[in-house]
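Residue numbers (the numbering used here), protein chains in the order written: chain H, 5 to 356; chain G, 5 to 356.
2 protein chains.
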Amino acid sequence: MRRAAERASGPRSVTIRDVAREAGVSVASASRSLNGLDNVTDATRDRVLEAAQRLRYLPHSAARSLSTRRSDVIGVMLPDLHGEFFSEIIRGADLAARERGLHLLVSTSHGDATEAAAAMRAMRGRVDGLLLMSPYVDEHLLADNLAADLPTVLINTRVENGSFASFCVDNYTGAVAVVKHLASSGRPVALIAGPADNLESQERRRGYRDALGGREGLVLDGDFTEESGFRAGLRLAEMSPRPIAVFAANDMMAIGCLLALAERGVRVPQDVALAGFDDVPVARLVRPALTTVHTNIADLGRRALERLALEIESGESGHRLELEQPRLVVRESSNFQVQAPAGAASIFTERQ
Amino acid sequence: MRRAAERASGPRSVTIRDVAREAGVSVASASRSLNGLDNVTDATRDRVLEAAQRLRYLPHSAARSLSTRRSDVIGVMLPDLHGEFFSEIIRGADLAARERGLHLLVSTSHGDATEAAAAMRAMRGRVDGLLLMSPYVDEHLLADNLAADLPTVLINTRVENGSFASFCVDNYTGAVAVVKHLASSGRPVALIAGPADNLESQERRRGYRDALGGREGLVLDGDFTEESGFRAGLRLAEMSPRPIAVFAANDMMAIGCLLALAERGVRVPQDVALAGFDDVPVARLVRPALTTVHTNIADLGRRALERLALEIESGESGHRLELEQPRLVVRESSNFQVQAPAGAASIFTERQ
DNA sequence: CACCAAGATGAAACCGGTTACATTGCGTGA
DNA sequence: TCACGCAATGTAACCGGTTTCATCTTGGTG
Chain H
5 MRRAAERASG
15 PRSVTIRDVA
25 REAGVSVASA
35 SRSLNGLDNV
45 TDATRDRVLE
55 AAQRLRYLPH
65 SAARSLSTRR
75 SDVIGVMLPD
85 LHGEFFSEII
95 RGADLAARER
105 GLHLLVSTSH
115 GDATEAAAAM
125 RAMRGRVDGL
135 LLMSPYVDEH
145 LLADNLAADL
155 PTVLINTRVE
165 NGSFASFCVD
175 NYTGAVAVVK
185 HLASSGRPVA
195 LIAGPADNLE
205 SQERRRGYRD
215 ALGGREGLVL
225 DGDFTEESGF
235 RAGLRLAEMS
245 PRPIAVFAAN
255 DMMAIGCLLA
265 LAERGVRVPQ
275 DVALAGFDDV
285 PVARLVRPAL
295 TTVHTNIADL
305 GRRALERLAL
315 EIESGESGHR
325 LELEQPRLVV
335 RESSNFQVQA
345 PAGAASIFTE
355 RQ
Chain G
5 MRRAAERASG
15 PRSVTIRDVA
25 REAGVSVASA
35 SRSLNGLDNV
45 TDATRDRVLE
55 AAQRLRYLPH
65 SAARSLSTRR
75 SDVIGVMLPD
85 LHGEFFSEII
95 RGADLAARER
105 GLHLLVSTSH
115 GDATEAAAAM
125 RAMRGRVDGL
135 LLMSPYVDEH
145 LLADNLAADL
155 PTVLINTRVE
165 NGSFASFCVD
175 NYTGAVAVVK
185 HLASSGRPVA
195 LIAGPADNLE
205 SQERRRGYRD
215 ALGGREGLVL
225 DGDFTEESGF
235 RAGLRLAEMS
245 PRPIAVFAAN
255 DMMAIGCLLA
265 LAERGVRVPQ
275 DVALAGFDDV
285 PVARLVRPAL
295 TTVHTNIADL
305 GRRALERLAL
315 EIESGESGHR
325 LELEQPRLVV
335 RESSNFQVQA
345 PAGAASIFTE
355 RQ
């Protein structure tokens with residue numbers, strides 16, 4: 005059991021001056037050698053490197069980044085860490101980061117705008133750039149709390165007026181594709197919507213509406229959770245006549261809905277065709293496997309980071325929107341080969 | 005489009021000296037005011053705070069941590085970011101970190117020991133402590149590459165001789181519980197094993213063996229991936245007589261196995277009872293729902309971080325092992341109510 | 001042999017904070 | 001009135017690197 009005092013009084017951690025002394029050169033030469041600059045003799049370099057080795061020297065990153073104005077760290081601000089979406093973003097970003105010798109500082113802005121602001125302020129001097137995904141963010145908040153010259157790239161976040169690059173899933177196009185697929189048999193399609201104040205949710209709903217030629221069918225409330233999907237499923241099961249095609253605005257709601265329908269003996273896809281959005285890994289594994297829209301989240305994270313790295317290098321930035329094109333994935337849950345039973349609803353009698 | 009030159013020549017970012025000048029006080033008073041120390045007049049504090057506000061001053065973390073020797077950042081080194089296990093660790097750690105105003109620097113040591121070593125060295129001066137989970141780590145590597153006084157807590161990683169606290173899932177006990185459950189009807193139990201060089205895998209196998217009184221049944225190779233489980237499932241389906249209870253060393257293999265069995269028309273649990281380990285969120289959603297061992301990974305991450313924070317505060321550390329107790333979760337896939345069909349194998353004729 | 005350019009080296013300033021220590025100014029008690 | 005103590009403030013050193021700029025070698029050239 006080591007004690008605090010022991011550690012505090014212990015051998016002061018070794019600095020570059022120790023290394024310089026040990027090698028019998030100046031700190032300047034030591035620094036140059038350690039950083040692999042070419043304006044030192046081989047002999048000098050060797051002596052320094054050997055001394056560093058001997059003393060177990062580890063450079064102090066904070067000191068270095070104070071003088072170089074570079075930390076080689078990228079901040080990643082996410083609203084939450086729950087679920088695969090966020091972990092995939094991180095994974096993709098990490099992939100691109102390690103290729104470039106960068107590190108990732110993750111930060112969640114769970115709560116409200118105040119918390120998000122605090123987190124953004126804390127980034128100053130810690131990171132070279134910011135990957136930002138937040139529902140609470142607007143241009144004011146950014147202007148007020150972001151270090152003025154901090155390169156920033158947005159993910160699934162749109163800011164009206166800033167000169168930020170942003171990478172977004174093309175929720176609209178994806179929704180259009182899946183709803184057209186569901187409606188391909190000429191039947192109306194119900195929607196289990198996401199939270200009303202959520203941008204992605206709004207885009208998916210817009211796609212849903214446009215795919216149906218501007219007229220919405222039955223719309224049930226949801227909030228992207230499995231549970232809200234489950235509740236919607238229970239309601240659907242009770243209806244008579246019952247919608248025969250349902251687009252849930254994300255996979256977890258679709259899965260909740262699926263479970264509810266199964267519990268009530270409503271068969272998918274025979275009685276109700278069902279589709280989600282996101283293609284979370286689970287979608288493939290539930291039975292029937294879920295028709296959904298696949299988005300390569302990790303890739304989105306990777307590309308966003310690459311763009312950010314570029315901006316940091318070049319110093320250029322600017323408004324610019326890149327849409328990640330999602331892909332319709334048709335599975336069992338919307339298999340139309342199976343004929344819908346006679347007497348299924350073709351018009352909706354209920355609205356919400 | 006902003007240009008690099010513009011930015012570089014732009015207004016130099018504002019420092020505490022600017023704030024001090026603007027407020028008409030010394031940097032010392034400015035610093036004290038900004039940090040909320042009590043040895044300044046209210047009037048002074050107000051003037052400083054107001055000046056900071058006016059100039060949009062943001063403190064430079066690297067500079068601060070250079071002099072305070074505190075970065076308020078915790079390093080989290082993981083072997084990988086794939087899958088829910090790791091994201092749950094991060095989520096739990098993040099939860100505890102934000103409560104304490106700490107940030108998380110995540111780092112993956114994907115490849116080999118060399119990479120892990122490099123990552124560890126890069127931590128010096130960046131973090132106040134390290135949460136480390138790595139299969140490549142041993143005491144030598146730690147001693148050679150860890151800053152000598154860097155508080156470190158291990159997760160699912162055991163180091164023989166170091167004075168590190170470590171938090172591990174009690175794989176052994178969990179495996180014993182689930183295998184005893186499977187064997188409760190008196191039938192032998194097959195194992196789909198994880199990678200042989202993996203500690204967790206070894207512990208689960210040891211639990212399996214001991215639960216069967218020291219005698220292993222049929223053991224199939226696997227590597228923790230769904231695909232390897234699928235392959236094992238195909239082999240099982242072909243066997244005759246066929247094992248009637250299978251313990252897969254993790255859920256993803258169990259699920260792969262489940263898919264393979266379904267594909268071959270082998271019914272679970274009627275023909276084969278199946279169980280996994282981990283209770284990943286999917287386990288509940290597959291059909292039949294998977295019997296498994298639940299471990300609260302996020303909680304493990306949270307507790308590890310709390311312990312680390314404590315060590316950083318107090319300066320105390322020491323060897324110490326905390327086992328997270330997993331919990332058997334019985335679901336459909338091992339429902340013994342359904343009688344096994346007559347003629348099912350009760351002895352194993354094949355070994356691998 | 002004198003001169004010069006190029007390359008290696010070192011001293012010291014600098015990055016932007018914190019804090020030890022000195023100084024100031026004020027109210028109080030003798 | 002003066003000395004004193006205490007709280008507020010300021011000066012400057014320090015954290016551990018990098019980098020500018022001056023200095024010193026050294027080899028090549030006229």
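Quick reminder that beta carbons are idealized off the backbone N, C-alpha and C, glycines included.
Owing to the predicted nature of the structure, the values given are computational and were not obtained by experimental measurement.
Just the chain G side, please: which residues come within less than 9 Å of residue i by C-beta, in chain order?
| i | result |
| --- | --- |
| H:Val290 | Val286, Leu289, Val290, Arg291 |
| H:Ile94 | Leu85, Ser91, Ile94, Val110 |
| H:Ala67 | Ala66, Leu70, Gly129 |
What does residue i touch in chain G if you count any residue whose Cβ is under 7 Å from its own?
| i | result |
| --- | --- |
| H:Arg125 | Leu62 |
Excluding the 5 residues preceding and the 5 following residue i in the sequence, name in chain order all residues of the same chain whose CB lies nearer than 7 Å to its CB.
| i | result |
| --- | --- |
| H:Leu186 | Val193, Ala249, Phe251, Ala277, Ala279, Ser338 |
| G:Asn43 | Arg36 |
| H:Ser69 | Ser75 |
| H:Asn160 | Met137, Cys172, Val173, Glu204 |
Give me the Cβ distance between residue i and residue j, rounded to the nearest whole Å; I'm assuming they're in contact under 8 Å.
| i | j | result |
| --- | --- | --- |
| G:Leu109 | G:Val80 | 7 Å |
| G:Val297 | G:Gly178 | 4 Å |
| H:Arg302 | H:Val157 | According to the sequence displayed, residue 302 of chain H carries Ala and not Arg. Actually they are not in contact, since the Cβ atoms of H:Ala302 and H:Val157 sit about 16 Å apart, beyond 8 Å. |
| H:Ala56 | H:Val23 | 5 Å |
| G:Ala253 | G:Ile196 | 6 Å |
| H:Arg58 | H:Ala313 | Contact doesn't hold; Cβ gap of about 35 Å is too wide. |
Please report whether the beta-carbon of residue i lies at a distance below 8 Å from any beta-carbon of chain H.
| i | result |
| --- | --- |
| G:Leu70 | yes |
| G:Arg311 | no |
| G:Ser37 | no |
| G:Ala117 | no |
| G:Arg355 | Below a pLDDT of 50, predicted positions are generally treated as unreliable, and G:Arg355, at 30, falls in that range; no measurement from the model is reported. |
Please return the same chain residues whose Cβ sits closer than 6 Å to the Cβ of residue i, not counting the five positions on each side in sequence.
| i | result |
| --- | --- |
| G:Arg324 | Ala169 |
| H:Ala293 | Arg335, Glu336 |
| G:Leu304 | Phe171, Glu328 |
| H:Asn149 | Ala121, Met124, Arg125 |
| H:Phe340 | Ser189 |
| H:Tyr61 | Val18, Val23 |
Could you list which residues in chain H have their beta carbon closer than 7 Å to that of residue i, in chain order?
| i | result |
| --- | --- |
| G:Ile259 | Leu289 |
From the beta carbon of residue i, is the nearest beta carbon of chain G less than 8 Å away?
| i | result |
| --- | --- |
| H:Ser75 | yes |
| H:Arg331 | no |
| H:Ala249 | no |
| H:Arg102 | yes |
| H:Arg107 | It should be pointed out that residue 107 of chain H corresponds to His in this sequence rather than to Arg. It does: the Cβ of H:His107 has a partner Cβ on chain G nearer than 8 Å. |
Return the chain-ordered list of same chain residues with a C-beta closer than 8 Å to the C-beta of residue i, the five sequence neighbours on each side being excluded.
| i | result |
| --- | --- |
| G:Lys184 | Ala215 |
| G:Leu240 | Ala194, Leu224, Arg246, Pro247, Val250, Cys261, Ala264, Leu265, Val270, Val276 |
| G:Arg3 | Residue 3 of chain G is absent from the model: chain G starts at 5 and stops at 356. |
| G:Gly347 | Caution applies to G:Gly347, whose pLDDT of 38 falls short of 50 and renders its modelled position unreliable; the model cannot decide the point. |
| G:Phe228 | Gly198, Pro199, Asn202, Ser205, Ala253, Asn254, Met256, Met257 |
Starting from the beta carbon of residue i, find every residue of chain H whose beta carbon is closer than 8 Å, and list them in chain order.
| i | result |
| --- | --- |
| G:Ser337 | Simply none; closest approach about 13 Å. |
| G:Asp98 | Leu85, Val110, Thr112 |
| G:His185 | The premise fails here: G:His185 is roughly 23 Å from chain H at the closest Cβ pair, so nothing lies under 8 Å. |
Check whether the Cβ of residue i sits closer than 7 Å to any heavy atom of the ligand MG, and report yes or no.
| i | result |
| --- | --- |
| G:Thr112 | By its list of ligands, the structure shown contains no ligand whatsoever, and the ligand MG lies outside what it can speak to. |
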